[in-house]
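In my numbering, the protein residues as written are 1452 to 1503. Ideal Cβ positions, reconstructed from N, Cα and C, are used throughout, including at glycine. Read the structure below first, then the notes.
Given below as structure tokens:
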């Protein structure tokens, strides 16, 4: 899959604020099926800080 490459390109082109989160050992589909791999704390902190 090209998920990492697409994510890196989207990150490069995105404006601020931005944060690229790479989950070690997880593939694209893993993040649909393995909710234990999703970094909810990191995502929550980013949204709380940047969505005002």
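Relative to the C-alpha of residue i, which candidate in the options has its C-alpha closest?
i, options, result
"residue 1507", "1462, 1480, 1466", "Residue coverage of the chain in this structure runs from 1452 to 1503, which leaves residue 1507 outside it and unanswerable."
"residue 1478", "1455, 1502, 1503", "1455"
"residue 1490", "1503, 1465, 1475, 1457", "1475"
With a CB to CB cut of under 7 Å and the five nearest residues on each side skipped, what residues in its chain are close to residue i?
i, result
"residue 1481", "1488"
"residue 1492", "none"
Let's see if you can read the secondary structure: which residues bound the alpha helix (DSSP H) around residue i?
i, result
"residue 1455", "1454 to 1464"
"residue 1500", "1491 to 1501"
"residue 1487", "No alpha helix (DSSP H) holds residue 1487; DSSP gives it neither H nor E."
I'd like to know whether the C-beta atoms of residue i and residue j end up nearer to each other than 8 Å.
i, j, result
"residue 1467", "residue 1497", "no"
Give me, in chain order, the residues of the same chain whose beta-carbon lies closer than 8 Å to that of residue i; leave out the 5 immediate sequence neighbours on both sides.
i, result
"residue 1494", "1472"
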